[in-house]
Amino acid sequence: MLARLDVNPETVLVIHAGELVTKDVVIPDDAEVEVRPVISGGAGAAKCSTCRATAVIEIPRHRAAYCAPHFIDHVRSQVRDAISRHRMLSYNDRILVAVSGGKDSLALWDVLLDMGYRADGMYLGLGIGEYSDRSADIVRAYAEARGATLHTVDLAEEYGYAIPETTRLRNRSSCGVCGLSKRYAFNRIAVDHGYDVMATGHNLDDEAAQLLGNVLRWQTPFMARQSVVLPATDGGMAKKVKPLYRLGEREMAAYCIVQGINYIVEECPMVGGNTVLRFKEALNELERHSPGTKAQFLFGFLDRVRPQHFEGADTDAGALVACTSCGQPTTPSRGGGDAVCAFCRTRVHVLRQIGRRRDAARAAVPEGVDA
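In the numbering used here, the protein residues as written are 380 to 750.
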């Protein structure tokens with residue numbers, strides 16, 4: 380079927396009647412199926428490596444396949460291993476999970492709740508039209524179904540701009556402004572509400588692609604900051620962790636399907652041209668020929684390279700001062716003047732740009748016409 384559709388089976392999940400379909404399952408010709416794209420993937424093997432029941436997913440880098448129950452065990456085991464290896468969390472911690480409506484963040488929240496952690500969610504409305512509206516609905520529905528606490532912040536209401544208004548900004552792309560806005564709002568909510576740890580849904584594919592980009596450009600300052608744990612600082616930066624770094628995109632999509640978690644499948648409509656996607660594609664090609672490449676690349680950096688060359692270089696709590704505009708932590712001004720954080724500087728530029736556009740639009744309206 381996939382061959383007739385010219386679809387690469389290594390990049391999709393096939394779903395029939397709400398269940399994952401493996402490559403050996405025969406589907407009636409008139410059956411309706413969903414072919415759901417993921418960044419990396421493929422059809423599963425026939426038997427579960429644990430119990431020999433019918434498998435729903437194959438994970439080549441582990442040389443394993445799992446039935447639905449044992450696959451859930453696998454995901455939890457990988458998260459548990461990540462938490463233990465890097466001392467990410469304790470059961471006494473209050474955890475704030477950044478949730479976007481996508482598979483990774485919702486799966487992370489679900490796993491942490493099922494493992495007994497005190498995990499609340501935070502959703503940041505980015506103002507990206509219908510995409511943001513549907514994302515918000517999905518997150519709220521999940522929180523309500525689980526009886527979990529959800530903090531919601533609207534970027535336009537709180538800070539005066541939406542992400543689509545940040546196009547054509549000098550020195551920073553819309554994706555850059557989006558990431559900066561997320562980090563700022565996330566940390567602010569965490570600190571203001573007394574959370575001990577912030578958790579994000581960055582997975583193996585995300586982290587390996589980011590590392591590849593940094594290595595190809597030899598961006599050593601970014602390499603120094605790339606970690607699955609960033610400790611809290613006295614200056615007001617909350618601890619940040621990435622418990623999904625040992626799990627791939629396809630595993631997280633499959634987890635949501637098996638658990639019945641609704642998530643937004645489409646990529647952000649503003650993501651076009653993002654270089655990280657190209658790095659993911661390159662790594663997927665390597666992974667297809669040599670399963671385990673992504674894990675070896677990332678884990679080797681985290682376990683060997685980073686401790687030897689970058690440990691302690693990512694943070695310097697003593698160098699942080701309060702932003703003179705918002706009070707959040709930032710680095711001192713090089714010229715000795717007022718220290719203004721990157722978010723506040725960018726926000727000023729964005730609001731000025733929005734103002735200029737509105738002035739230009741009003742000027743273009745013919746005299747006597749109500750603008």
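A virtual CB, placed ideally from N, CA and C, is assigned to each residue, including glycine. Since we're looking at a predicted model, the values are computed, not measured.
Review point. Is DSSP giving D738 helix, strand or coil here?
Key: helix
Check your understanding: Among C723, G504, F658, which residue has its Cα nearest to the Cα of Q589?
Key -> F658
Check your understanding: Taking only runs of the alpha helix (DSSP H) that begin and end inside the stretch 494 to 563, which ones reach a length of at least 4 residues, in chain order?
Key -> 508 to 525, 534 to 538
Point to revise | Cα-Cα separation between M602 and R596, rounded to whole angstroms | key: 10 Å
**Study point:** Distance, L548 Cα to C554 Cα
**Key:** 11 Å
Practice item. Decide if the stretch 533 to 552 is in contact with the stretch 517 to 525; the criterion is three or more beta carbon pairs, one per stretch, under 8 Å apart. Key: no
**Study point:** Whole-number beta carbon distance between I507 and A633, since they are thought to touch under 8 Å
**Key:** Incorrect: roughly 26 Å between the Cβ atoms, too far for contact.
Check your understanding: Taking the alpha carbon of Y538 as the point to measure from, which residue in A564, L492, T528 has its own alpha carbon closest?
Key -> A564
Point to revise | Stretch-stretch touch, CB-based, cutoff 8 Å, three pairs: the stretch 717 to 730 with the stretch 495 to 506 | key: no
Check your understanding: Is DSSP giving A447 helix, strand or coil here?
Key -> helix
Check your understanding: Residues in its own chain within less than 6 Å of T531 by CB, not counting five upstream and five downstream?
Key -> Y502
Check your understanding: With contact counted as at least three CB pairs below 8 Å, one residue from each stretch, are the stretch 451 to 467 and the stretch 477 to 485 in contact?
Key -> no
Exercise for review: Return the first residue and the last residue of the alpha helix (DSSP H) that A698 is part of.
Suggested key: Segment: none, A698 is in no alpha helix (DSSP H) and carries neither H nor E.
**Study point:** Rounded straight-line distance, which links the Cα of Q687 to that of G706
**Key:** 34 Å
Practice item. Leaving aside the five residues before and after R525 along the sequence, list all residues of the same chain whose C-beta is less than 7 Å from its C-beta, in chain order. Key: L492
Exercise for review: For A698, I'd like the list of residues in its chain whose CB is within less than 8 Å of its CB, leaving aside the five on either flank, ordered along the chain.
Suggested key: T710, P711
Check your understanding: In the structure shown, what three-state DSSP assignment does E645 receive?
Key -> coil
Review point. Which partner residues of I436 appear in the DSSP bridge assignment?
Key: Y445
Review point. Using 8 Å as the threshold, is the stretch 556 to 575 in touch with the stretch 661 to 672, meaning 3 or more CB pairs across them?
Key: no
Exercise for review: Just the C-alpha distance for Y496 and S456, rounded to the nearest angstrom, thanks.
Suggested key: 15 Å
Exercise for review: May I have a chain-ordered list of the alpha helix (DSSP H) segments no shorter than 4 residues that lie completely inside the stretch 567 to 620?
Suggested key: 583 to 595, 599 to 604
Check your understanding: Whole-angstrom Cβ separation of G580 and L623, contact assumed at under 8 Å?
Key -> 6 Å
Check your understanding: I think E630 touches I451, with their Cβ atoms under 8 Å apart; what is that distance to the nearest whole Å?
Key -> About 11 Å separates the two Cβ atoms, so there is no contact after all.
Review point. Quick one: what does DSSP say R667 is sitting in, helix, strand or coil?
Key: helix
Review point. Taking Cβ to Cβ, would you say R473 is nearer than 7 Å to G671?
Key: no
Check your understanding: What's the gap between the Cα of V655 and the Cα of T703?
Key -> 33 Å
Check your understanding: Under 7 Å, do A444 and S428 count as touching if we go by C-beta distance?
Key -> yes
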